[in-house]
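Asker: Got a structure for you, written out below as structure tokens; questions coming shortly.
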Amino acid sequence: MSSPFVRGLKCRMCGQAYPASPINFCTEDFGPLEVDYDYDAIAEAVSRGKIEARYNNMWRFQEFLPLDGEPTVGKQSGGTPLIRADRLASELGVENLWIKNDAVNFPTLSFKDRVVAVALSKAREFGLTTVGCASTGNLANSVAANAAAAGLESYIFVPYDLEPAKILATSIYGAKVIGVKGTYDEVNRLCTQVA
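Residue 126 in numbering that gives the first Met the number 0 sits at position 127 of the sequence shown, with consecutive numbering throughout.
Spelled out as structure tokens, the structure:
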């Protein structure tokens with residue numbers, strides 16, 4: 000799918016380059032890593048017409064996604080409608096305003112389903128069988144739901160005092176939910192260390 004267009008990973012803070020591998024932070028400054036694309040090669044290979052001719056979901060933009068093959072998770076994600084907002088446009092003094100309605104995204108009705116579908120598809124490419132995240136809600140549900148659908152084991156780290164309804168919503172998908180005493184930053188740090 001996009002492997003010819005991915006050069007590797009790059010630290011958003013210091014610019015350190017890494018190969019495309021299952022690492023999630025820079026070893027120099029602990030900065031987040033982003034995919035480093037060859038945008039010149041993408042521009043030569045992709046056209047608006049080519050994208051518009053594809054099925055209306057997020058995978059129509061496959062050259063801009065870091066997968067080496069077809070997606071294996073969340074094939075229905077994306078393709079959510081744009082809603083014209085004339086009254087709000089008038090109130091804001093703009094000519095045209097459209098709002099993206101991700102409340103109909105699949106499977107958990109959250110925009111998080113997009114990134115999780117890509118992340119879990121990539122995890123499967125790397126041969127991983129277990130995934131996890133730190134979350135207080137939507138990300139937890141999306142990881143748990145998509146992992147269950149893909150046959151992956153999932154661990155969700157949450158603040159120990161998270162509302163029981165949110166924990167239940169995530170647990171329904173079979174995820175192992177781990178309550179951690181501490182702030183969300185501490186929960187996230189622990190999740191990163193465990194990964």
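Beta carbons are placed, not taken as given, at the ideal position from N, Cα and C, and that holds for glycine.
Which partner residues does P158 have in the DSSP bridge list?
Answerer: On the sequence shown, residue 158 is found 159 positions in, with the first residue counted as 1. Note: P158 sits in a beta bridge opposite V179.
Asker: Between which two residues does the alpha helix (DSSP H) carrying D112 extend?
Answerer: In the sequence shown, counting from the first residue as 1, residue 112 sits at position 113. First-last of the alpha helix (DSSP H) with D112: K111 to E124.
Asker: To the nearest angstrom, report how far apart L96 and E51 are at their CA atoms.
Answerer: Numbered from 1 along the sequence shown, position 97 holds the residue referred to as residue 96. Numbered from 1 along the sequence shown, position 52 holds the residue referred to as residue 51. Near 21 Å, if we compare the C-alpha coordinates of E51 and L96.
Asker: Beta carbon of V142, beta carbon of C132: below 8 Å?
Answerer: Residue mapping note: residue 142 aligns to position 143 of the sequence shown, counting from 1. Residue mapping note: residue 132 aligns to position 133 of the sequence shown, counting from 1. Taking 8 Å as the Cβ cut-off, V142 and C132 qualify as a contacting pair.
Asker: In whole angstroms, what is the alpha-carbon distance linking E94 and K9?
Answerer: Within the sequence shown, residue 94 is the residue found at index 95, counting from 1. Within the sequence shown, residue 9 is the residue found at index 10, counting from 1. Cα to Cα, E94 sits roughly 38 Å from K9.
Asker: Given this structure, state the Cα-to-Cα distance separating F110 from M57, to the nearest angstrom.
Answerer: Here residue 110 refers to the residue found at position 111 of the sequence shown. Here residue 57 refers to the residue found at position 58 of the sequence shown. Going by the C-alpha atoms only, they are around 11 Å apart.
Asker: Pairing CB atoms from the segment 117-126 with CB atoms from the segment 70-85, are three or more of them under 8 Å?
Answerer: Yes: the two stretches touch, three or more of their Cβ pairs being nearer than 8 Å.
Asker: Measure the C-alpha to C-alpha separation of G30 and A168 and round it to an integer number of angstroms.
Answerer: Stepping through the sequence shown from its first residue, residue 30 is reached at position 31. Stepping through the sequence shown from its first residue, residue 168 is reached at position 169. Approximately 31 Å between the Cα atoms of the pair.
Asker: Quick check: the Cα distance between I82 and L91, rounded to an integer number of angstroms?
Answerer: Within the sequence shown, numbered from 1, the residue matching residue 82 stands at position 83. Within the sequence shown, numbered from 1, the residue matching residue 91 stands at position 92. Their backbone Cα atoms lie some 16 Å apart in a straight line.
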